[in-house]
Structure formats: structure tokens, C-alpha cells
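This note's numbering applies: residue -16 is where the sequence shown begins, and numbers increase by one.
Yeah, the Cβ is synthetic: ideal placement off N, Cα and C, and Gly gets one too.
These numbers were taken from a predicted model, which means no experiment stands behind them.
These notes are about the structure you will find just below.
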Amino acid sequence: ILKASLLVAQGKFADAAQMLSALDMSKEKGLEAEDYRLLMAEALCRTNKRAEANTLLDNLVKEASRTEIKTRAGLLLGFSEMEEPSTYTTGVARVRLLLRTNPGDKISEVDAKSFAEKLLQAGNAAEAEDEYRRYLEAFPSAAMDPSVLERRGQALFMLGRYSESAAEFVKA
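As C-alpha cells, this is what we get:
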């Protein structure tokens, strides 16, 4: 499991999925099995095997014994749902709920930023701007990241809030 975790961290998702498949802990119980299923689901998501990943994630959300596993699985499931037009709204609601109901130390900065980016990519400028604002409030050091300020500026521009948009681009 540790080696597969390292492969996922290195972006070698197909290799991680292959290694985890060979372990086949899918029917096991316990904390290690939950870690395995979460890692397997993440590797499957990253290799575009969403249906299989979503099944694993949905089961983890319902059955995991640890809150952090349920939260991470819920976020991954929501982000996966946002990739499909038919489940986009469900995914947005799921991710938003998890971001709102978990304190900043329980949610990674990467997840909060990814949510805002996905909203902007989908053309939801008002929601994206709101999420960028919340992200910058929760993680003040993010104001040093020019890409965050530029994307927030882009969302503001799309909303016709040109002076605010210009201010964000200047800060970037």
C-alpha cells in the first residue's frame, strides 16, 4: 500500500492501480482496507475509470469508520461527479457541503482550490468567484499565488465586475 501511495504521489496512477489490483484487498475489513480502497479509487479516477472508482468511493462514504476517509472519499466522489454533465450538480453540492462542514485543517488547500478552478472551467463565474474568495479567506497565503488571483480576476471579469477584476490582475 505504501509503494502504491508513492506511485500515486508521483502521478503514476496506472502503475498504482495495477499494483493495488494485484493486492486485491477489496473484500477485506479494517483500517488498512479502507486506506487501500481510497487509494485504489483515486488511482481509478486518475485513469478515467470513473464508474468503478465512484462505486468504491460511494461505499467508503457510507461505510468507512474514519471521518477523514469519509471526507476524502466524498471529495473525490464529488470531483468525479463534476466531470460528467449528468452528475455535475450533485458533485458541486457534495464538494460544497464537505468544504463548508469541515474546518480548514481537515480540508486540503488543494481541494479548495480545485473546486474553485472546476467551477470556473465549467463557466460558473459567480460560484467560482465565491469559492476563490472563500479559499483566499481560509488560506491567506494563497494570495501569494498569481494563478489564484488571475483566475479570481477572470471570474470577476466574466461577471462584469471590471474594476474588481483589474485589481486582482494588478495584485497577480
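For A(-8), the secondary structure class from DSSP, reduced to helix, strand or coil, is helix. Rounded to whole angstroms, the gap between the alpha carbons of S148 and A105 is 19 Å.
Listed in chain order, the alpha helix (DSSP H) runs fully inside the stretch 22 to 108 are 33 to 46, 50 to 64, 71 to 84, 92 to 104, counting runs of at least 4 residues. In this structure, L81 places its C-beta atom within 7 Å of the C-beta atom of T54.
Rounded to the nearest whole angstrom, the CA to CA distance from L102 to A108 is 7 Å.
Shortest Cα-Cα distance from S97 to any of T84, N85, Y115, R83 involves Y115. When rounded, the separation of the alpha-carbon atoms in D94 and P123 is 15 Å. G136 sits in a helix when the DSSP states are folded into three classes. Less than 7 Å divides the Cβ of G61 from the Cβ of V78. It is roughly 38 Å from the alpha-carbon of E151 to the alpha-carbon of D41.
Straight-line measurement puts the Cα of A99 at about 14 Å from the Cα of M141.
Judged by DSSP secondary structure, A150 falls within the alpha helix (DSSP H) whose first and last residues are 145 to 154. Residue state for D(-2) is assigned as helix, using DSSP reduced to three classes.
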